[in-house]
Amino acid sequence: MLEHVLRLGLVEITILRSKKMERSPVLIRTLGHDDVLPFREVRLHGLLECPLAFGQTADAFLQMPDELVSSTYLQNSDDRFTLGAFTDNYLVGIGGLFRDPKKTIRHNATVWGVYLLPASRGAGIGTLLMKELIERARGLPDVGQVHLKVAATQTSARALYEKMGFVAWGTEPRARRVGEDFIDEVHMLLRLG
Numbered sequence: 026m027l028e029h030v031l032r033l034g035l036v037e038i039t040i041l042r043s044k045k046m047e048r049s050p051v052l053i054r055t056l057g058h059d060d061v062l063p064f065r066e067v068r069l070h071g072l073l074e075c076p077l078a079f080g081q082t083a084d085a086f087l088q089m090p091d092e093l094v095s096s097t098y099l100q101n102s103d104d105r106f107t108l109g110a111f112t113d114n115y116l117v118g119i120g121g122l123f124r125d126p127k128k129t130i131r132h133n134a135t136v137w138g139v140y141l142l143p144a145s146r147g148a149g150i151g152t153l154l155m156k157e158l159i160e161r162a163r164g165l166p167d168v169g170q171v172h173l174k175v176a177a178t179q180t181s182a183r184a185l186y187e188k189m190g191f192v193a194w195g196t197e198p199r200a201r202r203v204g205e206d207f208i209d210e211v212h213m214l215l216r217l218g
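Just so we're on the same page, this note's numbering is the position in the sequence shown counted from 1, plus 25.
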């Protein structure tokens with residue numbers, strides 16, 4: 026894997042190229058308010074394709090004005106951010122990380138909302154996105170572990186997380202409900218350091 030870091034003023038952008046993607050480099054960067062429209066498109070695609078995998082419905086997301094989407098998902102700080110994976114200048118994947126401000130649990134970071142457009146799967150982009158989320162979690166002071174939850178039906182996503190070193194520590198039965206369908210949620214943990 027090739028890695029290049031560009032520093033443009035105060036912005037640092039990491040460009041990662043997977044061996045499977047020699048023609049199209051992958052750019053992983055923090056998403057901001059200017060990315061609200063492509064973010065909406067990718068997140069909505071995920072909510073429609075995998076309604077049982079997310080805690081939000083497509084209908085509820087569609088009702089959110091751009092300003093609320095931006096302030097909810099793209100308001101970055103030292104303790105929370107959303108990353109985007111780009112190929113050929115198109116957003117093809119998203120994922121976020123946050124940590125709670127409470128002193129007793131600030132050592133925990135949580136990955137949320139990871140999703141790749143179907144045409145971008147199998148090319149190593151999910152791995153690159155997760156690696157960047159984990160590396161940024163390592164850079165947060167006092168963070169010692171990263172949590173995530175994955176729908177039990179999302180076997181490919183779970184396999185990716187296991188490949189990244191996450192270990193399942195429990196299953197919450199019937200954690201989500203969409204219509205008449207219930208889905209179990211697997212809780213996973215990656216210890217850092």
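Just so it is clear, CB atoms sit at the ideal spot from N, CA and C, and this is done for glycine as well. Note that this is a predicted model, so its numbers are computed, not measured.
Report the option in the options whose CA atom is closest to the CA atom of residue i.
{"i": "residue 197", "options": "104, 174, 116", "result": "174"}
{"i": "residue 163", "options": "176, 123, 148", "result": "123"}
{"i": "residue 221", "options": "139, 87, 81, 153", "result": "Because the chain in this structure spans residues 26 to 218, residue 221 falls outside the shown range and cannot be described."}
{"i": "residue 149", "options": "111, 178, 138", "result": "111"}
{"i": "residue 113", "options": "145, 217, 129, 88", "result": "145"}
Beta strand (DSSP E) containing residue i: first to last residue?
{"i": "residue 157", "result": "Counting along the chain, residue 157 falls outside any beta strand (DSSP E), though it belongs to the alpha helix (DSSP H) covering 150 to 163."}
{"i": "residue 50", "result": "Element bounds for residue 50: n/a, residue is neither H nor E."}
{"i": "residue 198", "result": "192 to 203"}
{"i": "residue 177", "result": "Residue 177 -> no beta strand (DSSP E), and no H or E assigned at all."}
{"i": "residue 129", "result": "Segment: none, residue 129 is in no beta strand (DSSP E) and carries neither H nor E."}
Roughly how far, in whole angstroms, is the beta-carbon of residue i from the beta-carbon of residue j, given that I think they are within contact range, below 8 Å?
{"i": "residue 141", "j": "residue 118", "result": "4 Å"}
{"i": "residue 159", "j": "residue 108", "result": "That pair is no contact at about 11 Å."}
{"i": "residue 201", "j": "residue 80", "result": "7 Å"}
Residue j and residue i - do their beta-carbons sit closer together than 9 Å?
{"i": "residue 63", "j": "residue 203", "result": "no"}
{"i": "residue 176", "j": "residue 208", "result": "yes"}
{"i": "residue 211", "j": "residue 172", "result": "no"}
{"i": "residue 60", "j": "residue 99", "result": "yes"}
{"i": "residue 106", "j": "residue 161", "result": "yes"}
{"i": "residue 155", "j": "residue 185", "result": "yes"}
In the DSSP assignment, what residue or residues form a beta bridge with residue i?
{"i": "residue 211", "result": "175, 196"}
{"i": "residue 106", "result": "122"}
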